[in-house]
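Chemist:
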Amino acid sequence: MASFNVSLEDSSPLISYSPAEAWTDSPENDPLVQSYSASSLHATSAQGATATITFNGTGIWFFGGRRPEYGSYTLSIDGQTTSNGDANAAVPVFDQLLAGASNLGAGMHTAVLTNTGSESGLDLDSVVFEAAIGSSGQSISNQTIDDAQPQITFSSDWKANTGAEYMQNTLHFTQNGGATASMTFSGEAVAIYGTVSPDHSDFSVAIDGKTTTSGAGGGGLARVLHAQTLLYFASGLGHGQHNLLLTANPEHAGQQNTGAFMDVDAMRVYSATGGSNSNNAKANPSDSKSSSNNGSSSRHGLSSESIGIIAGAVAGALVLLGAVALILFFLVRRRNRRKRSRMPLQSPRSPDLPMQRPEMTEPGVRRSDSVGRSFPAPVYNPRPAGYGAISGQAARTSRDSDAGSIRSIQSYDSSSRLILDPAPKGRIPRPPPPTVARSGGPAPPPWSDYQEGQPIRPFRPPDLHLSPVPL
């Protein structure tokens with residue numbers, strides 16, 4: 001079957017407190033009341049005091065506070081003790097899971113929370129039970145019908161009221177015994193929400209002719225008004241249309257202004273749909289505790305199948321993204337590693353100078369470049385025989401009297417050949433003589449090679465011609 005959670009406050013008439021005088025509704029002298037869900041709790045300090053609920057479902061969980069003055073307790077399901085606990089805490093904490101049971105067989109069960117401590121307290125804040133309808137694999141949907149909508153038909157004995165504490169800010173109420181409210185719906189479970197107060201009467205609900213009676217006065221234990229409270233719940237109705245009839249204060253039917261009120265705030269219908277793609281996930285009590293009792297679907301019947309589908313989709317998407325990222329990382333890493341393995345190792349190289357190339361060395365040797373091109377040996381034009389050759393001569397010195405210079409030639413081996421360019425003949429051109437004498441010294445002779453800034457060459461002494469003197 002498909003499961004979903006139903007949450008109810010401690011003030012719901014679905015919870016029976018015993019003995020009645022041992023429990024207090026939201027103690028007036030307790031400064032921590034506002035810390036509880038809907039600012040409401042039922043507290044006891046009597047050993048053996050119990051809170052009992054009968055439900056049709058597969059699991060149930062009890063929530064309350066843990067405080068320094070609290071003690072031990074037990075939870076029993078269908079007469080069997082399932083857990084023992086201790087509500088004592090050095091510092092008060094609230095909305096704590098006291099005890100619970102799950103994986104119960106589908107059907108009616110009775111759960112009892114008992115205060116077992118002597119001279120110690122225990123409180124109850126709320127209860128969440130797991131209901132089951134439809135078949136395995138189906139998902140749960142719910143529809144809330146507000147009292148102002150035409151789907152609910154009220155007899156003329158009812159009046160409308162408004163207030164921010166009501167669902168959709170509207171409420172129907174009556175003081176007349178026997179006043180009725182009816183609705184035809186298609187679904188497998190239904191819930192009725194209204195208010196609980198000390199001045200409220202009992203009521204009865206008949207679905208398809210089967211009647212159940214309950215008390216909107218909280219069995220005489222309500223001390224203050226509690227709005228948006230679960231008054232009635234029925235499941236396992238089966239597919240198809242159903243007829244619901246609510247009767248206010250049936251014991252005083254026909255009486256006007258009895259002084260005992262009956263309020264209807266909203267009705268909620270649950271249906272099981274689908275079945276091909278849904279998972280039969282178990283409901284989690286924290287899903288219903290995540291929101292306040294304000295008519296939200298999470299507080300009053302969020303589908304556990306929907307939660308399972310969403311969580312599974314998110315987890316699957318995260319796993320898929322992680323796998324894709326991991327594959328891409330290894331592919332890029334492998335490609336970079338292959339690219340580096342094919343890359344030649346770099347080694348230091350000296351400059352490639354033209355004079356170091358093979359084709360530039362040793363003339364007369366045929367060379368080839370790196371691509372296989374051949375370069376022929378250089379060809380030299382021969383000089384005429386005997387041109388500029390010196391063979392077997394000793395060193396001599398010649399003087400060019402015109403040039404005033406001395407040329408020295410050393411002897412060479414007869415096998416050596418020296419190629420000399422012919423020296424130009426004639427006088428070396430001389431610059432024109434300066435017209436103005438230089439400051440600080442005599443003007444150079446006109447044939448001098450003197451240039452500004454160069455040392456002056458020593459003058460050649462004149463030739464001395466001596467003639468013999470006759471004796």
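For what it's worth, full-length UniProt numbering labels the leading residue of the sequence shown as 1, then goes sequentially.
Think of the CB as a built atom: it goes at the ideal place given N, C-alpha and C, for glycine as much as any other residue.
#1: Express the C-alpha separation of L171 and H239 in angstroms, rounding to a whole number.
#2: Could you name the residues of the same chain whose beta carbon sits closer than 6 Å to that of A260, not counting the 5 residues immediately before and after it, in chain order?
#3: Note down, in chain order, each residue of its chain lying with its Cβ closer than 7 Å to the Cβ of E9, except the 5 sequence neighbours on either side.
#4: On the three-state DSSP scale, how would you describe V93?
#5: Just verifying my parser: in three-state terms, what is the DSSP assignment at H109?
#6: If you measure between the beta carbons of A131 and S7, is that distance less than 9 Å?
#7: According to DSSP, residue 487 sits in a beta bridge with which residue or residues?
#8: In the structure shown, what three-state DSSP assignment does E21 receive?
#9: Could you check whether F62 and A99 sit closer than 9 Å to each other, using their CB atoms as the reference points?
#10: Can you give me the Cβ contacts of Q47 inside the same chain, cut-off strictly under 7 Å, excluding the 5 residues immediately before and after it?
#11: Grab me the residues of V112's own chain with a C-beta within less than 6 Å of its C-beta, minus the 5 sequence neighbours each way, in chain order.
#12: How is N103 classed by DSSP in three states: helix, strand or coil?
#13: I'd like the list of long-range same chain contacts for S72, defined as Cβ closer than 6 Å, with 5 residues on each side in sequence excluded.
#14: Cutting at 8 Å between CB atoms, please list the residues of its own chain near T162, excluding the five before and the five after it.
#15: Do T54 and H109 have their beta-carbon atoms positioned less than 9 Å apart in this structure?
#16: May I have the straight-line CA-CA distance separating D208 from T247, to the nearest angstrom?
#17: Spatial neighbours of T258 within its chain, please: C-beta separation below 8 Å, excluding the five flanking residues on both sides.
#18: Tell me whether A395 is buried or exposed, calling it buried when 16 or more other Cβ atoms sit within 10 Å of its Cβ.
#19: When the Cα of A266 is compared with those of N84, N88 and S182, which residue comes out closest?
#20: Apart from the five residues just before and just after G275, which ones in its own chain have a Cβ nearer than 6 Å to its Cβ?
#21: Report yes if the C-beta distance between N84 and Y70 is below 9 Å; otherwise report no.
#22: Quick one: Cα of L328 to Cα of I310, how far?
#23: For M1, which three-state DSSP category applies?
#24: From the DSSP output, read off the bridge partner residues of R268.
#25: Can you say whether S235 is buried or exposed, counting buried as having 16 or more other CB atoms within 10 angstroms of its CB?
#26: Using the rule of at least 16 other Cβ atoms within 10 Å of the residue's Cβ for burial, across every protein chain shown, is E188 buried or exposed?
#27: Per DSSP, what kind of secondary structure is L245 in: helix, strand or coil?
#28: Can you find a heavy atom of the ligand SAH that lies under 8 Å from the Cβ of A311?
#29: Are there 16 or more other CB atoms within 10 angstroms of the CB of D263, so buried, or fewer, so exposed?
Modeler: With the given structure in hand:
#1: Answer to the nearest angstrom: the Cα atoms are 29 Å apart.
#2: Only S201 and N249 meet the Cβ criterion.
#3: Here the set comprises S37, A38, S40, S126, H226, T229 and N293.
#4: The three-state secondary structure of V93, taken from DSSP, is strand.
#5: Residue state for H109 is assigned as strand, using DSSP reduced to three classes.
#6: No, these two residues do not count as a Cβ contact at 9 Å.
#7: Absent from the model: residue 487. The displayed extent of the chain is 1 to 471, so no value can be given.
#8: In the structure shown, E21 sits in a helix (DSSP, three-state: H, G or I).
#9: Yes, they are a contact pair.
#10: Sequence-distant Cβ neighbours of Q47 in its own chain, meaning closer than 7 Å and more than five residues away, are N115, T116, G117 and S118.
#11: Annotation for V112: T50, T52 and S76 place their beta carbon closer than 6 Å to its own, counting only its chain and skipping 5 residues before and after.
#12: If DSSP states are grouped into helix, strand and coil, N103 belongs with coil.
#13: Cβ-Cβ distances below 6 Å link S72 to D86, T116 and G117 in the same chain, with the five nearest sequence neighbours on each side left out; the list follows chain order.
#14: Here the set comprises N169, T170 and L171.
#15: In this structure, T54 lies closer than 9 Å to H109 by Cβ.
#16: It is roughly 14 Å from the alpha-carbon of D208 to the alpha-carbon of T247.
#17: The answer, listed in chain order, is Q175, N176, G177, S201, N249 and H252.
#18: Its pLDDT being 39, under 50, A395 is placed unreliably by the model, and nothing is read from it.
#19: Considering only alpha carbons, the answer is S182.
#20: In its chain, beyond the 5 residues on either side, G137 and Q138 have a beta carbon closer than 6 Å to the beta carbon of G275.
#21: Taking 9 Å as the cut-off, the Cβ atoms of N84 and Y70 do not count as close.
#22: Within the model, the alpha-carbon separation for L328 versus I310 is close to 27 Å.
#23: Note: M1 maps to coil in three-state DSSP.
#24: Paired residues: T144 and A191.
#25: That one is buried.
#26: By the 10 Å Cβ count, E188 comes out buried.
#27: L245: strand per DSSP, three-state reduction.
#28: What this structure holds is no ligand at all, so the ligand SAH is not there to describe.
#29: It is buried - the Cβ of D263 has at least 16 other Cβ atoms within 10 Å.
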